[in-house]
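Visitor: Under our numbering, the final residue of the sequence shown carries the number 123; numbering is consecutive throughout. Note that the Cβ used here is the ideal one computed from N, Cα and C, for glycine as well. Questions regarding the structure given below will be posed in turn.
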Amino acid sequence: MIVDGANVVGSVPDGWWRDRAGAAIRLRDNLAPLPAAGLPGLPPPIEVVLVVEGKARDIPQDPSGVRIARAPGSGDDEIIALVRDEHRTRPIVVITADRGLRSRATALGAEVRGPSSVPR
């Protein structure tokens, strides 16, 4: 599962824009149970990759099992690179509401789910 950090954080109007790194850390921590718990239709164990960009890029890796992918530029481009590089031995699910990214990811065979499908 690849999570569009900026898009998922931005889906909750809780003042995230005042502290982008803090919001990304909260998202990382909220995603922590998923590697062992899975999601509906995506049984555990699952790999969870949180893609961060901009001011959130330097959040620390946590031993929770959520891998941080630091986008050197566009987070969307990083997500597409991850989808492209994934060996197709398992399903790939991208979490985003971004229409352009949804289209690009599904064209590569990924399933796309909205931000409300994960704990935010």
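Return helix, strand or coil for E81, following the three-state DSSP convention.
Guide: The residue given as residue 81 occupies position 78 in the sequence shown. Correct three-state label for E81: helix.
Visitor: For G41, which residues of its own chain have a beta-carbon under 8 Å away from its beta-carbon, when the five flanking residues on both sides are left out?
Guide: Mapped onto the sequence shown, residue 41 falls at position 38. Counting only Cβ-Cβ distances below 8 Å, and skipping sequence neighbours, we find P47, P48 and I49.
Visitor: Taking C-beta to C-beta, are I5 and I82 nearer than 8 Å?
Guide: Reading the sequence shown from its first residue, position 2 is the one you call residue 5. Reading the sequence shown from its first residue, position 79 is the one you call residue 82. Yes, these two residues count as a Cβ contact at 8 Å.
Visitor: Check whether the Cβ atoms of V51 and R123 lie closer than 8 Å to each other.
Guide: Counted from its first residue, the sequence shown places residue 51 at position 48. Counted from its first residue, the sequence shown places residue 123 at position 120. Cβ distance not < 8 Å, so V51 and R123 don't count as in contact.
Visitor: Look at the Cβ atom of V55, then the Cβ atom of A26, and state whether they are nearer than 8 Å.
Guide: Position 52 of the sequence shown holds residue 55. Position 23 of the sequence shown holds residue 26. Not a contact, by the Cβ cut-off of 8 Å.
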